[in-house]
Structure formats: structure tokens, C-alpha cells
Amino acid sequence: MKAQWLASAVLLGLLGMAAPVQADTNPVFTPVELTKQSTLIVHLEFRSVSDKGLATATVRKVVKGRLERKEITVDLFAGPFEAQGKQIARMITGGTKEALLFVGKFDFDDGDGGSPYDDERPAYMHLGGLWFTLSLYEEDNIWELDKEDSFWLMAWEGGTDMLLRAVEYCLSDPDAKVPAYAGVEWAGAVKVGKVEGQVFAAAAVSLSGRDGADLFLACDKGDRLYRWNGGTLEDVTAKEAPGSASRVFAWGDFNGDGRLDLASHGGRALRLFLRREDGTWTPVSLKADAELKDGCTGLATVDCGRTIRTALVASTKGAPTLLMPMPGGGTLVETLPAAGEALRKDLGDGGRCLAEDFDGDGRTDVLQLYAAAGLFYKGTKADKFAEPVKTEAALGAGRAAPCVGDWDADGLPDLFVTAEDRNRVWQNLGGGRFAEVCHGKDNSSATPSGDVAYIAESGGIAARSGDFNNDGRPDLLIAYAKERCPELFFNRGFRSLCKDYRLDACERNLLPQRGEGQQAACLGDFNGDGALDMAVVLAGGDLWVFPRKVENGNNRAVVVSLPAGAKHTGPVAVWAYAGERLLGSWPIRAGEPGTIIGVEKPGTVTLRWHVAGRKAQEKQVVVKDGPLGVVLKAN
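Quick note on the numbering used here: the sequence shown kicks off at 9 and runs consecutively.
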């Protein structure tokens, strides 16, 4: 183990940090131990680099300890690997200027009871998602770069900005945790049956009114519905399903009767399937032929502030459209403000648009994603949007699948996109602005969002977020059409998404067809125990469900929902706090299954939410040893 890591460090020095090195997370030395063992932690901002490799940094903040100096100098060319120094110089001049300096005597255990070092290293610097060892040349008070140190990725793999927040969290909370493992596993695997035809998507849906979600599969030969019967998912399609055949879909109360309906586009037309009181369905055509003449790439529900409150945002290869079912039939179509020629230039084909409160003002915004960029429509009223502004958030090349999750726990939803060319993590900067933070800049080996950058392959067919280990940090599921198992990445907090092989169904010999690939996958609490399960449809049509093992209170959670007949149908952004710590924001829509917000230990959880133009609301609940349901009022 030690020799492998030292060899990797030498190889990186020779290659000039050209490729990422895989790092297993260290279970005994996390940012918690790093913070405790540091005598000095300094937040730096590099200003310049001289021709001789002297990099000057301003001391932005002394995070821990004492330092009188207002700036420090690092000699980038002092170490044995000059190529690394030149690469760092290019990173700094290219805009990567934020760094953290840790000084102390570190007892870095590699997890096997040893350390790769025979000598003491006085300091480590984290810059642009990479770790470097430094030595102090006291005569000139200059720090000298020794080398890049990939071994320390075992302690923290993520962005420097996120590491700063993790350190501040560790300093403020004596019980702080930055987990090294997901800490949960599957209870087993259950083969449900075989699905005929092509499956386009899978989703958890709340139709029965019981604890636990149903599984909905969008299929070309007729959509299918499954319900937990105590031991497995039972096919209840003939009795309960609406009779649709969907490529894209959205669930919502589209006629204002308090029951959940389905909006379905099967490739030719958009229809509503309205649920009657007796559980049967009435199909209704939703007239939008002109707007959807080139097809429909996605549907999302939004509250439109009218008599029938739930409307649809339909996305196409061109522009999104707002479709509002009207009382007594008919459809009110409102085209979102048109993008000018300058904005439309070089966008590429459009994919799914996302309707969420992206800027935290209580109003739903629309983000239309294209291959090369995105258009952000800020919500101004329930059914009105400002003229679009161009944003960097993009889908990438070919088929792409986005999902939303607040992985950095700042209260604003971020994006993950899996595409044919590569995967992307888009950090929400607010105001419709996004920054790509999956891969390092300037061809560096940095992984500012954790090992998802190099373990997850491109070309996924589905991405889903959810707190599958009940620790209050949203996690990530990726499914693949290629010969690869579905992958789960747990969130260490602060946007460090890491794989725990204990949840790999193939590695655990739970999925016999390990090389078959998938048509669809999703997360959902299908058995109603307060923990997310995984449903997977393989390429050959076999449907499997993986119930999550529940033990020792690891299903502790607040399960937040909004009833289908709510006065505001959402999405409502709910901010959850464990004590003073913000766990993040979670979008809640009327009629959807309860959103699981995990809680690490018994205690008080505070939920805060607001709808624009109405009084902000707050609810405190005490979570004990299992899930606690909370139904929101969004008046």
C-alpha cells in the first residue's frame, strides 16, 4: 500500500500531474483529525508568480493558530520535480489562487496502522484540489515546494473552497464528522420480474397513500407500476396504472381535485391521465401540438398561481414552454420570453429543462440546458419569468442526463450531468450562474468534487440524487447502458462525492448480470422504512430491487412531504438545519413521495421554507430513533 502510493507520487512528478490518481478514503485521518493536529491553518490567496518561480500569497485569514505575517512566499521551483512547479505556476496565473496551508506535526495513519513517511513534514498546502508538501527555509522565511502529495487525497479529495468550509465546521462543532464510508449496505437483492420492451425511465411515485413509494417505469409498451407487498415489489399495473406509454412524464395534480395525475408524452402527443376517486384514470389530450412539434425532451411541474395550480414546463430541442390546464378543459400556453439571436448562438440542441428555486428567493426558476450552455429564466411571479440570461451550465455532447442536489450544503441546488463526452458537476453560484467543478483546470489532476471525477464513467443514462445513508448529505446514483454496474457516490459533505464499494451490487455479488448494463434506475423508499432503496432495470429487462439494510437507527430522518391538494404545489425549497448546521436545501413538490432528510443522531431538526410574497415558515421537530413524517403547509 505504502509503496504503491509513493510510486504514484514519483510518477506524477515525472508526468507533471497529468492524470488523476485514485485515492481510497482514509477512515482514521479525515479533515477532523487534520484540523485537530494542525497548529496553524492559513487561508491564502496567491497574487503573482515571478519568472524564478517565487509565488506570493496574501494571508486572507488565519483560521487556526497565530501568524503575524500578512503574506507568504512559496518557491515553486525548489523541489526535485520542476515540472510540477511549472504546472502550479500555470494554475495560479490561470486563476487558481485560493489555497490552505496546514502546519503541524501530523500523525497520518494510512488506515492500515502505518504511514508512508519516515521523516516529518512541517506543512501541507491544498491548492486547486491538489495537495503539496512544503518545507520552510527559515533564513529567508520562504516556503519551498517539495512535491505534489497524492497520498493526502485519502484525507480529503475535493475543492479548496470546500475544504475551508469543512475545517471551519470541524472547528465549530466538537462532534463534527466527515465520513470516510457511507456506513450502510443493501439488505440483499430481489429479482422482481422481467419488463418487456424499452424502459425510458424509473421513478418513485406516491399513489397509494401508504408509507413508502410505488415504482413507476416509463415504457414504450405501456407504463408499469409496482408496489411493495411485504417482501418484494409486486406488479400492480393491470389494477392501478393509468394506461399510458411514456417517454417523458411528470406527476402532479393537474385538475385541482387533490389527487395525483400523470402528464405523459409518448413521442407524438402530450396527454394527461387524470385519476378518479375510484382509482381509475381518464385520458385527456393537452393541446400543445405547435409548441411540441419537434418533440418533448422533458416535463417538470410548477405552481402557476391560478385556479388549477399545477402547470407544466415542457422542454424541447429549442425553447421551453409553460402549459397550464384550464378548468373545464383546454390548455393555456405561455411561451417563456424569447432568447435573442446572440443568446441562441452556439447553444446546440436542448435537453431537459429544470424547474427549481435556483436563487433562493422563493420563486421557481427555469434552467433550460443545451449541449454547450444554458439559459436561465428567473421567476418573477408564479407564472412569469424574466428574459433569459446565458449561463455556463451545459449538458455536453450526445445523450445526457441531469439531476439536482445541494451537494455543497449552501442552500442552493447544484447540478450533476452525465453525458457521452464526460461528466460534469455544476456548482450553483447564485443569480443564475454556475461553475463546472468536476475536473481540475489547466489539465491538472485535481478532483474538486471528489473521486466521482475519475471513477464514474461518461455516458450514463440516468442520474438521481438522494440521501441513501441518512446522514443529511445528499448522495448520487448513476446508471449506465454500457457494461457497468450502477454506481452510488456518498457525499462526505462539502461536495466531496466518493464511492463506497460496499454498496456496489456487482462487487457484493448481489447482481448476477454484472456486465449487462441498465435501461433505468432510481432511488425510493419502496418498503416505507425511512431508508432509500434502489430499483434497477437491466438491459435485458430484468427488474431488481435492493432494499437498504436498516439497523441501529440508521434510518433516522425527517421525511418531508407536500400533499397533492396543497395551496402551493411547489417546488418549495426547504432548508434543513441540525442545530446551527445547514444540511442543505431540498426541493419538495406536491404529491411526490416524502423526501428523506437524514439525521445522524437524535435531536432537534429545524425546517425553514418560504414562498415568495408570503410569510416565511419554520417548524422544529425532534427526531428520535427512526423516520419522522412532516407534512408542510405552503400557504
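We put the beta carbon where it would ideally sit given N, CA and C, even for glycine.
Proximity of L142 and I49 at Cβ, strictly below 9 angstroms: no
Nearest-angstrom Cα separation, counted from F114 out to L42: 8 angstroms
Straight-line gap, A15 to E491 (C-alpha atoms, nearest Å): Low confidence applies here, because A15 scores a pLDDT of 40, under 50, leaving its location unreliable and the question unanswered by this model.
Straight-line Cα distance separating V553 from N535: 11 angstroms
Alpha carbon of G538 to alpha carbon of R407, nearest angstrom: 33 angstroms
For I486, the first and last residue of its enclosing beta strand (DSSP E): 483 to 488
Beta-carbon proximity list for T388, same chain, < 6 angstroms, skipping 5 on both sides: A394
Identity of the residue in A405, D365, G358, G266 nearest L383 by Cα: G358
Delimiting residues of the alpha helix (DSSP H) encompassing M99: 90 to 101
Proximal residues to L23 (C-beta, below 8 angstroms), its chain only, five neighbours per side dropped: Annotation note: pLDDT 40 at L23 (below 50); position unreliable, coordinate value reported separately. A91, listed in sequence order.
Minimum length 4: unbroken alpha helix (DSSP H) runs contained in the region 343 to 381: 349 to 352
9 angstroms Cβ cutoff met for L225 and R232: yes
Cut-off 8 angstroms between Cβ atoms - residues of its own chain near V71, not counting five sequence neighbours on either side: I49, V50, H51, L108, L172, V175, E176, L179
Assigned secondary structure, P421 (DSSP; H/G/I helix, E/B strand, else coil): coil
Given N563 as reference, the closest of D550, I604, E152, C493 once Cα atoms are compared: I604
Coarse secondary structure for K78, derived from DSSP in three states: coil
Spatially closest choice to V203 from V397, E515, D228, T288, by CA coordinates: D228
Whole runs of the beta strand (DSSP E) within the region 218 to 267, excluding any shorter than 3 residues: 222 to 227, 232 to 236, 241 to 243, 256 to 260
Proximity of D222 and A212 at Cβ, strictly below 9 angstroms: yes
Cβ contact (3+ pairs, closer than 8 angstroms) linking the region 247 to 267 and the region 299 to 312: yes
Sequence-distant residues of its chain with Cβ nearer than 7 angstroms to N436 (five each side left out): F366, L420, P421, D422, F442
Per-residue DSSP class, three states only, for P291: strand
CB contact flag (A86, Y145, <9 angstroms): yes
Cβ neighbours of D126 in the same chain (closer than 6 angstroms, five flanking residues each side left out): At D126, the pLDDT of 47 sits below 50, so the modelled position is not reliable and the matter cannot be decided from this model.
Buried/exposed call for K3, threshold 16 Cβ in 10 Å: Since the first and last residues shown for the chain are 9 and 643, residue 3 lies out of range.
Euclidean distance between Cα positions of L215 and L268: 7 angstroms
A528 burial status per 10 Å Cβ neighbour count (16 or more: buried): buried
Those residues which DSSP pairs with Q628 across a bridge: T614
Reference T614; option with closest CA among V630, A184, G602, G599: V630
Outcome for T315 when other beta-carbon atoms lying within 10 angstroms are tallied against a minimum of 16: exposed
Given P130 as reference, the closest of G137, L75, Q95, T47 once Cα atoms are compared: T47
Local Cβ density within 10 Å of E53, reported as buried at 16 or more and exposed below that: exposed
Cα-Cα separation, A58 to C493: The question names Ala, yet the displayed sequence has Ser at residue 58. Roughly 48 angstroms separates the two Cα atoms.
A327 classed as buried or exposed, judged by whether at least 16 other C-beta atoms fall within 10 angstroms: buried
CB contact flag (A296, T339, <9 angstroms): yes
Beta-carbon separation (whole angstroms), D479 vs G606, contact threshold 8 angstroms: 5 angstroms
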